[in-house]
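In this note's numbering, the protein residues as written are 17 to 457. Comments concern the structure below.
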RNA sequence: GUGGCCGUAGCUCAGUUGGCUAGAGCGCCGGGUUGUGGUCCCGGAGGUCGGGGGUUCGAAACCCCUCGGUCACCCCA
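If you want it as structure tokens, here you go:
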């Protein structure tokens, strides 16, 4: 491949060869933290008895329209397209709908407990913690409306934040009521807002018209007084809804999980019923402080043509979790890439063999390429963060030995080890000072 | 979709009454007598000054458009 000629170079549009607006690459060393979040979640989901559900990255448009005609996701944020067969499809904007669709399609035995890791897409203007493609980890339990399930699902999410070392994450809790109690409330709220918000302009009226609940979490300062005094959903809950909600709160308390009743917590999707919740980070002063959220959706399966089936789930935004971790404790130096770096002063493939032996033995190892000088290789050894360097030198080779150097020692500490023993020697040395403390993101 | 701020080497930035071959630090590559890193010294590579158009004798700097970044609104992970 020869480089393009100068004039050909000029014709290349640099704005095209970059990640599209609102998307980003996840690369080392940042991706190490990303993997750690995923691994932590996967481990806990497994312990809770959840299996992985991998669903398509796109679905028929109708699947996502089930999140609600009044939602921003459906009205303006969907990445929809038509394929060559004329099907109307959309990239996944949220995680619950595809899982419920899969449930309705396959009808697995209940309770169906699954978790997922998936990219999500929303066409909106990016800003801190808000991207057009972002990754969510989530879990869903379908088929049971026992409040104990609500408690378990919330506990799963809560445990993930704790395991990741996030301490400034709070749990906000609310109940959206059930099919019987919500319509009466919405009517009362609309009535109230129309009466008291007469002078608030078209934006206000449009929201009241579209979905009065949307007004409750509005940030507009002029509206706050009216919103403060608006009727609260909790006053309209049916006896059954109240009983369910109280059971959830008792269950959380019994696990020592603190939650805050937040009557004005309104989540973005219309399908929510009963329990809704959101995890927010106080370390984030950005407008996007929600690091996760979810709720119960007892009519969604039915709305997709399945039998009446309750369900509950949540999603956690990986990017926001990482931002929250940075905000809590600052960005740490990246962890070492490998434990051992092999410096080859002999040539002839000696490093190739030793590195292979180390890797087979479970020791992470790297080496330099391109026949670089010993000095250059030593620099790379230093920068790799490796604890030990092994130098393959001519003097040592004369009696079948190699030099092993402790790169962390303040004074250069170097010793000779017989070539055939070096792998075992390094394994033991690394085992001795393996840090017991858990790795935080 | 609307609005504010910003756009000079890989990164962080300097460079204004518009005027010499566009600079620094860090990073990268090499060297400091032929086998060793982290400190220090020397050298080197690397820039369509986001892109296009305009004003001007002359533009990185001024104007317009455009692309991108960032923050906020709307809303959310």
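Using N, Cα and C, we set each Cβ at its ideal position, and we do this for glycine too. Every value quoted in this text rests on a predicted model; they were computed, and no experiment measured them.
Strand pairing of residue i, partner residues [DSSP]
i: residue 55; result: Paired residues: none, contrary to the question.
i: residue 190; result: 292
i: residue 154; result: 132 and 331
i: residue 76; result: 105
i: residue 357; result: 382 and 405
i: residue 225; result: Answer is none; residue 225 lacks a bridge partner.
i: residue 137; result: 149
i: residue 276; result: 188
i: residue 297; result: 185
i: residue 67; result: 130
Cβ neighbours of residue i in the same chain (closer than 8 Å, five flanking residues each side left out)
i: residue 441; result: 420 and 433
i: residue 362; result: 408, 409, 410 and 413
i: residue 443; result: 377, 378 and 379
i: residue 103; result: 76
i: residue 85; result: 91 and 286
Range of the contiguous alpha helix (DSSP H) that encloses residue i
i: residue 144; result: Careful: residue 144 lies outside any alpha helix (DSSP H) and carries neither H nor E.
i: residue 261; result: 255–270
i: residue 383; result: From DSSP, residue 383 is part of no alpha helix (DSSP H) but of the beta strand (DSSP E) over 381–383.
i: residue 252; result: No alpha helix (DSSP H) contains residue 252, which DSSP labels as neither H nor E.
i: residue 230; result: 229–232
i: residue 114; result: 112–122
i: residue 207; result: 198–212
i: residue 440; result: 438–448
i: residue 399; result: 390–400
i: residue 91; result: 88–92
i: residue 163; result: 163–179
i: residue 375; result: 366–376
i: residue 282; result: Taken as a continuous stretch (DSSP letters only), residue 282 belongs to no alpha helix (DSSP H), as it is neither H nor E.
i: residue 238; result: Counting along the chain, residue 238 falls outside any alpha helix (DSSP H), and DSSP gives it neither H nor E.
Whole-Å CB distance - residue i paired with residue j, under 8 Å assumed
i: residue 53; j: residue 337; result: 6 Å
i: residue 312; j: residue 278; result: With a Cβ gap of about 16 Å, residue 312 and residue 278 do not count as contacting.
i: residue 396; j: residue 384; result: 5 Å
i: residue 172; j: residue 261; result: Residue 172 to residue 261, Cβ: 19 Å. No contact.
Nonlocal neighbours in the same chain, by C-beta distance under 6 Å from residue i, ignoring five residues either side
i: residue 298; result: 184
i: residue 319; result: 82
i: residue 159; result: 126, 127, 128 and 325
i: residue 438; result: 418
i: residue 300; result: 340 and 343
i: residue 18; result: Residue placement at residue 18 cannot be trusted, given a pLDDT of 36 that sits under 50; the coordinates are not used to answer.
i: residue 227; result: 86
Span of the beta strand (DSSP E), counted from its first residue to its last, around residue i
i: residue 312; result: 306–312
i: residue 407; result: 404–408
i: residue 431; result: 429–434
i: residue 98; result: 96–98
i: residue 421; result: 417–422
i: residue 105; result: 104–107
7 Å CB neighbourhood of residue i in its chain, flanking five on each side removed
i: residue 154; result: 111, 131, 132, 329, 330, 331 and 332
i: residue 107; result: 73, 74, 95 and 137
Residue i Cβ short of 8 Å to the ligand ZN heavy atom set
i: residue 113; result: Within the structure as shown, the ligand ZN is missing, as the structure has no ligands at all.
Does the pairing of the stretch 319–330 with the stretch 343–361 give three or more beta-carbon distances under 8 Å? no
Three-pair Cβ contact test at 8 Å for the stretch 186–194 versus the stretch 148–166: no
If we count Cβ pairs, one from each stretch, closer than 8 Å, do we get three or more for the stretch 145–152 versus the stretch 34–41? yes
Check whether the stretch 202–210 and the stretch 221–241 touch, using three or more Cβ-Cβ pairs below 8 Å as the test. yes
Count the C-beta pairs between the stretch 85–100 and the stretch 53–68 that are closer than 8 Å, then say yes if the count reaches three, no if not. no
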